[in-house]
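Number of protein chains: 2
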Amino acid sequence: MPSRPRQATPAQAEFDTADRLHSAAIHLLRSLRIEDRTSGLSGPRLSALSVIVFAGPLPMSGLALAEQVQPPTITKLVRDMEREGLVERVRDAHDRRVLMVRATDRGRALLQEGRRRRVVRLAAALEKLPVADRKLLARAARLIDRLARPPAVGSRPPERGEAP
Amino acid sequence: MPSRPRQATPAQAEFDTADRLHSAAIHLLRSLRIEDRTSGLSGPRLSALSVIVFAGPLPMSGLALAEQVQPPTITKLVRDMEREGLVERVRDAHDRRVLMVRATDRGRALLQEGRRRRVVRLAAALEKLPVADRKLLARAARLIDRLARPPAVGSRPPERGEAP
DNA sequence: ATATTTAGTTAGACCAGCTAACTAATTCTA
DNA sequence: TAGAATTAGTTAGCTGGTCTAACTAAATAT
Numbered sequence: 000m001p002s003r004p005r006q007a008t009p010a011q012a013e014f015d016t017a018d019r020l021h022s023a024a025i026h027l028l029r030s031l032r033i034e035d036r037t038s039g040l041s042g043p044r045l046s047a048l049s050v051i052v053f054a055g056p057l058p059m060s061g062l063a064l065a066e067q068v069q070p071p072t073i074t075k076l077v078r079d080m081e082r083e084g085l086v087e088r089v090r091d092a093h094d095r096r097v098l099m100v101r102a103t104d105r106g107r108a109l110l111q112e113g114r115r116r117r118v119v120r121l122a123a124a125l126e127k128l129p130v131a132d133r134k135l136l137a138r139a140a141r142l143i144d145r146l147a148r149p150p151a152v153g154s155r156p157p158e159r160g161e162a163p
Numbered sequence: 000m001p002s003r004p005r006q007a008t009p010a011q012a013e014f015d016t017a018d019r020l021h022s023a024a025i026h027l028l029r030s031l032r033i034e035d036r037t038s039g040l041s042g043p044r045l046s047a048l049s050v051i052v053f054a055g056p057l058p059m060s061g062l063a064l065a066e067q068v069q070p071p072t073i074t075k076l077v078r079d080m081e082r083e084g085l086v087e088r089v090r091d092a093h094d095r096r097v098l099m100v101r102a103t104d105r106g107r108a109l110l111q112e113g114r115r116r117r118v119v120r121l122a123a124a125l126e127k128l129p130v131a132d133r134k135l136l137a138r139a140a141r142l143i144d145r146l147a148r149p150p151a152v153g154s155r156p157p158e159r160g161e162a163p
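Same order as they appear, the protein sequences are chains A and B.
With the first letter of the first sequence counted as 1, position 12 gets the number 11 in numbering that gives the first Met the number 0; the numbers rise by one all the way through.
With the first letter of the second sequence counted as 1, position 2 gets the number 1 in numbering that gives the first Met the number 0; the numbers rise by one all the way through.
The structure is reproduced here in structure tokens:
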């Protein structure tokens, strides 16, 4: 979609790259979403469950922060996942306002499976690429994720269980 | 969120990369979506409008194909964008079943502006990266987009205005 | 002339996100 | 220490994007 008429804007190259990344992300997620119906785990759920499993039990607010969404979004997400037995909410003893979320065994198991399903097609496509391209994408993935969390840059104390 | 226990699976490295790309795409789009409210153009709209502008007037079905979504999704998307004066639908004279979609001047103008808005934060972040990283991301964006359109691979003739 | 195929829409569902307004628990302060 | 302010989370209600199933209308094939 890019390849628009060049104008003498500063940072035109960066703009184009940003634009292409944007499109690529949309198309990537759309193509992955095909697997949702069978796996029962959408992208956002998979992503949240992943945080819950690997960043240990954490408060609702922590999850909202990690996922970069507003609290009500997390309320709904966790409520639905709780209904399906993937996570549990436990009232914190020290501060009875906070609810700690943790994964159930079933949640842990489904994370593996769901992730495999959702990502397997992409992984298969990756296998067909030349080694250099695969390496490039591995590095790019890390870069993008760092780039995509601008409010956090340098300002958010690392969450429990988060890589330093 | 990856960094899971290594198992001796074939293609473990590709799986991890795919997983990371998945997360990165989710977080990227979430971070970009913040600009939506001000621009009036969400990701999907921006993406569709971009196709309409640069791939010229095209039938609804062509847009659905390009965007990799089902026809009803396009019906709604285009209907809403038409309401806002961004695109028009014209009955094709030769085959009166098909509706050609084309951008209005207003649509064209808003595309520029909306894209700028939505992507400007990311572009700014890119500018702060070392040159090598920027180049890497530019290449990665193209790779990802190609990867993410598996049904089209090799089968779709390049659209007008699309880089060859 | 009818049957089949194709393009698009409508209806109805679901999920993910938001803001605004609320409750309950905690902490601050006068 | 009583009341005010803050914090954690929920509820209600909206928008948007996506899907499938069932439909209409036009074109094509038998």
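Glycine included, each C-beta is placed from N, C-alpha and C at the ideal position.
Just so we're clear, the structure is a prediction, and the values are computed from it rather than from any experiment.
Query, Result
"Residues near B/D91 in its chain [Cβ-Cβ closer than 6 Å; skip 5 each side]", "V97 and M99"
"Residues that B/E126 contacts on chain A, provided the C-beta gap is smaller than 8 Å", "A10 and E13"
"Assigned exposure category for B/V77 - 16 Cβ within 10 Å defines buried", "buried"
"Buried versus exposed, by CB contacts within 10 Å (16 or more), B/D94", "exposed"
"Burial state of B/A15, where buried means 16 or more other Cβ atoms lie within 10 Å", "Per the sequence shown, residue 15 of chain B should be read as Asp rather than Ala. Buried, because 16 or more other Cβ atoms sit within 10 Å of the Cβ of B/D15."
"From A/K75, A/T37 and A/L31, residue whose alpha carbon lies closest to that of B/D144", "A/L31"
"Cβ-based neighbour list, A/L40, same chain, cut-off 6 Å, excluding 5 preceding and 5 following", "G113"
"Reduced DSSP category for B/E161 - H, G, I as helix; E, B as strand; rest coil", "Confidence at B/E161 is low in this model, with a pLDDT of 36, below 50, so the placement of that residue should be treated as unreliable; the coordinate-derived value is given next. Coil, per DSSP."
"Whether A/M80 touches A/L48 by CB criterion (8 Å)", "yes"
"Selection from B/L146, B/R141 and B/L136 that minimises the alpha carbon distance to A/A147", "B/L136"
"Residues bridged to B/E13 [DSSP beta-bridge criterion]", "BP columns for B/E13 are empty, so no partner."
"Min CB distance A/T164 to chain B below 8 Å", "Nothing in the structure corresponds to residue 164 of chain A, since chain A is present only between 0 and 163."
"Spatial distance of A/A134 from B/P56 (CA atoms)", "Checking the sequence shown, residue 134 of chain A turns out to be Lys, not Ala. For A/K134 and B/P56, the distance between alpha carbons rounds to 39 Å."
"Burial state of B/I25, where buried means 16 or more other Cβ atoms lie within 10 Å", "buried"
"Under 7 Å from the C-beta of A/A23: neighbouring residues of chain B", "A140, I143, D144 and A147"
"Classification of A/V50 by the beta-carbon crowding that lies within 10 angstroms, buried from 16 upward", "buried"
"A/E83 in three-state terms, based on DSSP", "coil"
"Bridge partner(s) assigned by DSSP for A/L57", "A/V100"
"7 Å Cβ cut-off: residues of chain B touching A/D18", "R114 and V118"
"From B/L128, B/L109 and B/I33, residue whose alpha carbon lies closest to that of B/V52", "B/L109"
"Burial state of A/A131, where buried means 16 or more other Cβ atoms lie within 10 Å", "exposed"
"Alpha-carbon to alpha-carbon, A/P43 and B/G42", "16 Å"
"Neighbourhood of A/V89 by C-beta distance below 6 Å, restricted to the same chain and skipping five residues each side", "M99"
"Closest Cα partner of A/L27 within the set B/A10, B/A12, B/Q11 and B/Q67", "B/Q67"
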